[in-house]
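Student: Numbering (this note's numbering), first residue to last: 1 to 413. Even for Gly, the Cβ is constructed at its ideal location relative to N, Cα and C. Before we start, here is the structure in question, set down as structure tokens.
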Amino acid sequence: MIGVIGGGIAGLTAAHTAQSRGHEVGVFESDTQVGGRFAPVRTASDAVLPRQPPGLSTAGAASQALARTLGVELDAHAARTGYYHDGVVYPVDRRRELLAFPPLGLRDTSYFRSLVDDGGVPPFTVPDHTLDEPEALADVTARSFVTEHATESLYEQAIEPLLSARFGDAPDRVSASWLVNRVIRQRTGSTEVVEPRSLVDALARSIGRDRLHTDCRVTAVGTRRGAVDHLVTIEDGARTEHDVDAVIFDTPPQRLARLTGDDWGGQTAATTTVCVGLDEPLLSIDRVTVVDETPIGRLVALPGPTEEVTQIIYAIVADESADRETESQVRHGIESLFPAFDPGTIRWSAVHTETVSVPSVGYSDHIIPDDGPALSGGFYAGAASRERYADHSLDATIRTGQAVGKSVAGRSW
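Structure below.
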């Protein structure tokens with residue numbers, strides 16, 4: 001059997017790929033549901049939502065092909081993006097909207113447009129050739145890239161808030177590779193959002209529910225003569241050993257290190273997401289980056305799932321404390337950002353944390369190869385893999401899972 005530790009989309013895709021090539025698989029997920037950051041969460045109103053909001057990510061070739069193979073359609077829709085500045089939410093998807101965004105002057109606006117939609121007015125444009133090879137910018141900071149090819153004020157007013165919202169206090173260390181990958185995604189997919197829930201469900205059905213071990217924690221990877229031999233799990237309080245021929249890790253790099261004894265020197269950032277269901281809409285813009293000083297870095301709005309809940313708001317804080325104090329801070333933060341907001345419109349709330357690898361300068365030194373774990377028969381498909389480190393898109397995740405699944409299936413065990 002090929003054991004897969006972690007039931008995120010990469011792990012499920014790897015399991016599906018290996019299984020479709022004739023291998024027996026077993027997926028071991030410590031959470032109660034598979035899907036990783038998109039695992040379904042049932043709310044107090046009985047609605048089912050992803051734990052984290054889906055990101056801006058075009059439905060690329062890999063995700064579309066996988067969806068066709070599984071016989072499902074990806075739910076994709078256009079999203080409006082904007083910035084919160086000095087008490088006002090400013091949409092920034094169109095040229096006239098950017099011109100109305102107070103922190104940016106005409107020159108900054110031209111540079112910004114040249115980044116996100118290939119517009120702008122020469123000579124105030126970012127050269128296209130600088131966006132051709134994101135990986136070549138691994139050792140260049142986003143700050144130095146923007147200030148070299150545009151302006152310091154564009155970085156400080158538009159780019160730095162975006163980086164801070166995602167990576168906390170590490171904005172000046174973030175590599176230009178991540179920024180350029182995001183710019184390319186926005187150019188090719190406009191501002192599309194792909195909801196991967198149907199893909200998660202279809203992958204789970206294809207693999208087989210009996211092959212998915214949820215609420216099951218892997219505590220050790222057993223070896224024999226330097227090669228993986230078995231997994232030790234705790235499920236329902238019982239310790240079990242599962243014989244395996246190979247192991248695929250769809251885990252954060254720190255967990256990989258704990259299970260294998262490998263060292264990993266990369267950086268991570270933790271975020272807390274407070275999700276609230278409102279009976280009255282708060283935002284008309286789907287994705288808002290907050291420029292003002294506040295614990296909240298981003299606000300993401302989704303349509304309400306029921307008649308009683310008309311809008312879902314994900315408030316994202318660069319903090320790893322998923323506790324009631326953080327939830328209270330977020331509620332107060334929303335009230336301070338929107339004085340007219342009525343807390344009585346909140347029908348329910350939920351709190352979740354997520355840890356991500358920060359694509360900081362020099363991140364390429366910390367990429368974990370597909371067959372990188374220091375034991376024979378170990379393979380890696382997690383967030384510190386080559387495809388996923390600086391590209392957080394759904395397509396990069398699926399490509400990683402497929403590549404690892406094929407690599408494992410191509411070996412003789």
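Jot down the residue ranges of each uninterrupted beta strand (DSSP E) in the stretch 343–406, minimum 3 residues, whole runs only, in chain order.
Tutor: DSSP runs (the beta strand (DSSP E)) wholly in the stretch 343–406: 346–358 and 378–380.
Student: Return the chain-ordered list of same chain residues with a C-beta closer than 7 angstroms to the C-beta of Ala67, the five sequence neighbours on each side being excluded.
Tutor: The residues are Glu73, Leu74 and Leu199.
Student: Out of Pro54, Ala76, Gly55 and Pro53, state which residue places its alpha-carbon closest to the alpha-carbon of Gln466.
Tutor: Only positions 1 to 413 of the chain appear in the structure, and residue 466 is not among them; the question remains open.
Student: Considering Gln19, what are the terminal residues of the beta strand (DSSP E) in which it resides?
Tutor: First-last for Gln19: Ile9 to Ser20, but that is the alpha helix (DSSP H), not the beta strand (DSSP E).
Student: Grab me the residues of Thr251's own chain with a C-beta within less than 7 angstroms of its C-beta, minus the 5 sequence neighbours each way, in chain order.
Tutor: These residues qualify, in order along the chain: Ile5, Gly6 and Gly382.
Student: Using the Cα positions of Thr13 and Ser393, report the straight-line distance between them to the nearest angstrom.
Tutor: Near 14 angstroms, if we compare the C-alpha coordinates of Ser393 and Thr13.
Student: Can you find the residues in the same chain that come closer than 8 angstroms, C-beta to C-beta, to Val155, ignoring five residues on each side of it along the sequence?
Tutor: In the sequence on display, residue 155 carries Tyr and not Val. Taken in chain order, the residues that qualify are Ala142, Arg143, Val146 and Thr147.
Student: Counting along the chain, where does the beta strand (DSSP E) carrying Tyr111 start and finish?
Tutor: Here Tyr111 belongs to no beta strand (DSSP E); instead the alpha helix (DSSP H) covers Leu106 to Val116.
Student: For the alpha helix (DSSP H) containing Arg95, name the first residue and the last one.
Tutor: Segment Arg95 to Leu99, the alpha helix (DSSP H) holding Arg95.
Student: Quick one: what does DSSP say Ile312 is sitting in, helix, strand or coil?
Tutor: Residue state, collapsed to three classes: strand.
Student: Taking 7 angstroms as the cut-off, is the CB of Pro53 close to at least one heavy atom of the ligand NAP?
Tutor: Although the ligand NAP was asked about, the structure shown includes no ligands whatsoever.
Student: Who are Ser419's beta bridge partners in DSSP?
Tutor: Residue 419 lies beyond the range of the chain shown here (1 to 413); nothing can be said about it.
Student: Put Gly189 into one of helix, strand or coil per three-state DSSP.
Tutor: In this predicted model, Gly189 has a pLDDT of only 47, less than 50, meaning its place in the structure is not dependable enough to derive any value.
Student: Starting from Leu199, trace the alpha helix (DSSP H) in both directions and tell me its first and last residue.
Tutor: Counting along the chain, the alpha helix (DSSP H) containing Leu199 begins and ends at Arg197 to Ile207.
Student: Please look up how many angstroms separate the CB atoms of Ile2 and Ile248, rounded, as I've assumed it's under 8 angstroms.
Tutor: The pair is a contact, with the Cβ atoms about 7 angstroms apart (cut-off 8 angstroms).
Student: If we count the other Cβ atoms within 10 Å of its Cβ and call it buried at 16 or more, is Thr219 buried or exposed?
Tutor: The residue in question, Thr219, is exposed, as its Cβ has fewer than 16 Cβ neighbours within 10 Å.
Student: When burial is assigned at 16 or more other CB atoms within 10 Å of the CB, is Asp108 buried or exposed?
Tutor: Buried, by the Cβ-count rule.
Student: Kindly identify the DSSP beta-bridge partner or partners of Thr233.
Tutor: Partner(s): Val218 and Thr240.
Student: Measure the C-alpha to C-alpha separation of Ala204 and Val34 and round it to an integer number of angstroms.
Tutor: One C-alpha to the other measures close to 8 angstroms.
Student: For Ile334 versus Gly82, is the C-beta distance shorter than 8 angstroms?
Tutor: Their beta carbons are not under 8 angstroms apart, which means Ile334 does not touch Gly82 by this criterion.
Student: Between which two residues does the beta strand (DSSP E) containing Leu163 stretch?
Tutor: Leu163 -> not in any beta strand (DSSP E); alpha helix (DSSP H) instead, spanning Glu160 to Phe167.
Student: May I have the straight-line CA-CA distance separating Glu293 from Ser360, to the nearest angstrom?
Tutor: When rounded, the distance between both Cα atoms is 23 angstroms.
Student: My assumption, with CB atoms under 8 angstroms, is that Val290 sits in contact with Ala165. Please give the rounded CB distance.
Tutor: The Cβ separation is near 7 angstroms, so the contact holds.
Student: Buried or exposed for Ser175, please, with buried defined as at least 16 other CB atoms from any protein chain shown within 10 angstroms of its CB.
Tutor: Buried is the call here.
Student: Throw me the rounded Cβ distance for the Asp93 and Arg80 pair, which I believe falls under 8 angstroms.
Tutor: Confirmed, about 6 angstroms.
Student: Can you tell me which of the three DSSP states Leu259 falls into?
Tutor: Helix.
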